[in-house]
Structures are given as C-alpha cells and as structure tokens.
Amino acid sequence: MEFGLFMMPLHPPHRTYADSYDRDLSLIVKADQLGYTEVWIGEHITERWENAPAPELLIAKASGMTENIIFGTGVTLLAIHNPVDLAHRLAMLDHLCRGRFYWGIGTRAIPTDLELYGLDPSDRQGIGERSAEVLEVVLKIWQNEGKFEHHGKYFDISAPELDPVK
Numbered sequence: 002m003e004f005g006l007f008m009m010p011l012h013p014p015h016r017t018y019a020d021s022y023d024r025d026l027s028l029i030v031k032a033d034q035l036g037y038t039e040v041w042i043g044e045h046i047t048e049r050w051e052n053a054p055a056p057e058l059l060i061a062k063a064s065g066m067t068e069n070i071i072f073g074t075g076v077t078l079l080a081i082h083n084p085v086d087l088a089h090r091l092a093m094l095d096h097l098c099r100g101r102f103y104w105g106i107g108t109r110a111i112p113t114d115l116e117l118y119g120l121d122p123s124d125r126q127g128i129g130e131r132s133a134e135v136l137e138v139v140l141k142i143w144q145n146e147g148k149f150e151h152h153g154k155y156f157d158i159s160a161p162e163l164d165p166v167k
C-alpha cells in the first residue's frame, strides 16, 4: 500500500505566513522520511486560512528538502492563469523537481478566487471553456519550438520564438 498527502496550507490568524509555510515544509519533509509517495498542494488566492497563491513555490522549495516524494498541484485552477506563463513555470518546476512533479488541473475554485480575475463564478460553461483553452495552449507550447500562434476565444497569442524549458 502507498500513502499520499493532500495539503491546503493552513494559516491560522495567530501564525505568520512564514511560520505556517515552515510548518508545511516540515510536514512534507516528515512525509518523505516516512515513505509517503506523493504530496498534493492546493491553490487558493483569496482564502485567509488556506492562502496558497503559488503552490509551485512551496513545491520548488520542498523538492530541495526531500529525496523521493512526488509533488502535485491539487489543483492548478486553469481559468485564472495565462497559459504561456503557466507552461513555462511548470516546465521549469518539473526540472527543479527532477521529474518528481505531477500537474493536477481543475476548473472550479472558490467564488472569490474567480471574481478576483474578473470571472463570474456562476458561468460554469465559460469557466470550463476558458480552462479547456488554457490546457490546449499549455500542451501545444510543450509540444512546439520556435514560432507559436494560437487564436482562440479567450487567448490570442503570437510569439516569434517560444522554447519552453522542456
């Protein structure tokens, strides 16, 4: 049997963010030492108690403190991200983790996270379409080198040269 861990980094008001992140990192290191096979880190931007606006940063730091555990985003909220930035950040993260990275994706978020980015939380179809387009663009970027173009409903991208850190 294998064990994994899902974390929404918790930040109670009586703790500083730095202290909370240090506790999260200690838990991840302990999980690695105990033989856990994976840890998944959630993404929330506007939630005070579960503030994890950039799980990739926590994963990058934790990867240098561990040896075997595999990291995953649980989940990357596709609709709120620029696909060009996302493709490059995740490719770099995979290298920093030495291949110990799973990319978990999703379309839903807490309403205030969506509203922060100008999205209507009740527009499930629009959020789903936007998320699908982000995924499509990220995968295309990872498969191509050189000139890149994408002309979609939500993103219009013309890049003279794209060479993500594959």
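Under the numbering used here, the letters of the sequence shown match residues 2 to 167, in that order. The C-beta atom is built at its ideal place from N, Cα and C for all residues, glycine as well.
Kindly confirm or deny that the region 53-67 and the region 126-135 touch, where touching means at least three C-beta pairs closer than 8 Å.
The region 53-67 is not in contact with the region 126-135.
Quick one: which unbroken beta strand (DSSP E) runs of 3-plus residues sit fully inside the region 70-114? Chain order, please.
As far as the region 70-114 is concerned, its whole beta strand (DSSP E) runs of at least 3 residues are 71-74.
Can you say whether Leu-11 is buried or exposed, counting buried as having 16 or more other CB atoms within 10 angstroms of its CB?
Sequence index remark: in the sequence shown, residue 11 carries index 10 (1-based). Under this definition Leu-11 is an exposed residue.
With distances taken from CA atoms, which of Glu-51, Thr-113, Asn-69 and Val-139 is nearest Leu-91?
Taking the first residue of the sequence shown as position 1, residue 91 is located at position 90. Nearest C-alpha to Leu-91: Val-139.
Nearest by alpha-carbon distance to Pro-13: which of Asp-25, Asp-95, Leu-163 and His-151 is it?
For the purposes of this step, residue 13 is taken as the residue at position 12 of the sequence shown. Answer by Cα proximity: Asp-25.
In chain order, which beta strand (DSSP E) runs of at least 3 residues are fully inside the region 122-165?
If we require 3 residues or more, the beta strand (DSSP E) runs fully inside the region 122-165 come out as 147-152 and 157-163.
Apart from the five residues on each side of it in sequence, which residues of its chain come closer than 8 Å, Cβ to Cβ, to Glu-57?
Working through the sequence shown from its first residue, we reach residue 57 at position 56. So the list reads Thr-74, Arg-90, Leu-91 and Leu-94, once near-sequence residues are dropped.
Rounded to whole angstroms, how far is the Cβ of Val-30 from the Cβ of Gly-5, which I believe are closer than 8 Å?
Counted from its first residue, the sequence shown places residue 30 at position 29. Counted from its first residue, the sequence shown places residue 5 at position 4. No, Val-30 and Gly-5 are not in contact; Cβ-Cβ is about 15 Å, not under 8 Å.
Buried or exposed, going by whether 16 or more other CB atoms sit within 10 Å of the CB of Phe-256?
Nothing can be reported for residue 256, as the shown portion of the chain is limited to 2 through 167.
Mark Tyr-18 as exposed unless 16 or more other C-beta atoms lie within 10 angstroms of its C-beta, in which case mark it buried.
For this step, residue 18 is matched to residue 17 along the sequence shown. Exposed.
So, are the CB atoms of Pro-54 and Val-135 less than 9 Å apart?
Locating residue 54 in the sequence shown gives position 53, where the first residue counts as 1. Locating residue 135 in the sequence shown gives position 134, where the first residue counts as 1. Contact flag unset, no.
Thinking just about the alpha-carbon of each residue, which of Ala-160, Gly-153 and Pro-112 is nearest to the one in Leu-78?
By one-based count along the sequence shown, residue 78 stands at place 77. It is Pro-112.
Our contact map puts Glu-68 next to Asp-33 with C-beta atoms below 8 Å; I'd like the distance itself, whole angstroms only.
Taking the sequence shown and counting its residues from 1, one reaches residue 68 at position 67. Taking the sequence shown and counting its residues from 1, one reaches residue 33 at position 32. Indeed, because the Cβ distance is near 6 Å, the residues count as touching under 8 Å.
Leaving aside the five residues before and after Ser-159 along the sequence, list all residues of the same chain whose C-beta is less than 7 Å from its C-beta, in chain order.
Position 158 of the sequence shown, counting from 1, holds the residue named residue 159. Around Ser-159: Glu-150.
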